[in-house]
Amino acid sequence: MNLEELKNATESPTFNLKPLSKDAVQSALAKAEHYRLLNQPSLAESICLDILDIDPDNQKAKIVLLLSLTDQFGTKQVKAKIALDIAKGLKDKYAQLYYLGIIHERQGNTALASSNPGSDFDAYEWYLEALDFYEKADEINPQGNEDVVLRWNTCARIIMEHH
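Oh and the sequence shown: position 128 is 120 in the working numbering, straight run, nothing missing.
1) State the Cα-Cα distance for the pair S19 and Y27, rounded to the nearest angstrom.
2) For E153, collect the residues of the same chain with a Cβ closer than 8 Å to its Cβ; drop the 5 residues on either side in sequence, then sort them by chain order.
3) My assumption, with CB atoms under 8 Å, is that G66 sits in contact with A105. Please give the rounded CB distance.
4) Among I95, E131, L57 and T102, which has the Cα closest to the Cα of Q32?
5) Using a Cβ-Cβ cut-off of 7 Å (strictly less than) and excluding sequence neighbours within five positions of I132, which residues of its own chain qualify?
6) In terms of residues, what are the limits of the alpha helix (DSSP H) holding D42?
7) How about I95 and L76: are their beta carbons less than 9 Å apart?
8) Which value, in whole angstroms, describes the spacing of the CA atoms of Y126 and P5?
9) Name the two residues that bound the continuous alpha helix (DSSP H) containing K14.
10) By the DSSP assignment, the alpha helix (DSSP H) with N145 in it spans what residues?
11) Between the beta-carbon of D49 and the beta-carbon of L12, is there less than 9 Å?
12) Threshold first: 4 residues or longer. Then list the alpha helix (DSSP H) segments lying entirely within the stretch 66 to 105, N to C.
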């Protein structure tokens, strides 16, 4: 067996994925949200990718995908950059800042749960960055939406408890 044959033998199979119909987007999005709640972020991620294949500008699918990726932090850290890129591409400035805060907060949570040396210092830095994004989001906070305040307070309490 030569190198090329070995390479071909170990490559993952590729499939032509079946497209989702436009009529199925809303129910698929509901399923993605449901799978996230069932702690099945990989399934939610796959569904969101199917939605975004036919509706690339679907902001709700982008947000559920972003959250599904952050649900996998600690197991698939490489997905953090993808989540950051999605957040930066959201149309609404408040949503951009809010979800950038979420990503940094969840990276802090992952670091805090880690037993790696220095991970508590890493967590502290992630939480500080999350606080900064939440602060910026709060400046343009839509009337009646206090989600960013709740997230900011959570990060602040974690920092006070652990540092």
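Glycine included, C-beta positions come from ideal geometry on N, C-alpha and C. Note that the structure is predicted; figures quoted are calculated from it, not measured.
By the coordinates alone:
1) One-based indexing of the sequence shown puts residue 19 at position 27. One-based indexing of the sequence shown puts residue 27 at position 35. One C-alpha to the other measures close to 12 Å.
2) Mapped onto the sequence shown, residue 153 falls at position 161. Excluding five sequence positions before and after E153, none of the CB atoms of its chain fall closer than 8 Å to its own CB.
3) Within the sequence shown, residue 66 is the residue found at index 74, counting from 1. Within the sequence shown, residue 105 is the residue found at index 113, counting from 1. With 8 Å as the limit, G66 and A105 qualify as a contact, their Cβ atoms being about 7 Å apart.
4) Sequence index remark: in the sequence shown, residue 32 carries index 40 (1-based). Among I95, E131, L57 and T102, the Cα nearest to that of Q32 belongs to L57.
5) The residue you call residue 132 lines up with position 140 of the sequence shown. Correct list, in chain order: K85 and Y86.
6) Taking the first residue of the sequence shown as 1, we reach residue 42 at position 50. Run containing D42: P33 to I46, per the alpha helix (DSSP H) assignment.
7) Reading the sequence shown from its first residue, position 103 is the one you call residue 95. Reading the sequence shown from its first residue, position 84 is the one you call residue 76. Going by beta carbons, I95 and L76 fall inside the 9 Å limit.
8) Here residue 126 corresponds to residue number 134 of the sequence shown, with the count starting at 1. Here residue 5 corresponds to residue number 13 of the sequence shown, with the count starting at 1. About 42 Å.
9) Locating residue 14 in the sequence shown gives position 22, counting from the first residue. Unbroken run through K14: none, as it is neither H nor E.
10) Reading the sequence shown from its first residue, position 153 is the one you call residue 145. First-last of the alpha helix (DSSP H) with N145: D139 to H154.
11) Your numbering for residue 49 matches position 57 in the sequence shown. Your numbering for residue 12 matches position 20 in the sequence shown. Contact: no.
12) If only uninterrupted alpha helix (DSSP H) runs of at least 4 residues are considered, those enclosed by the stretch 66 to 105 are 72 to 80 and 85 to 105.
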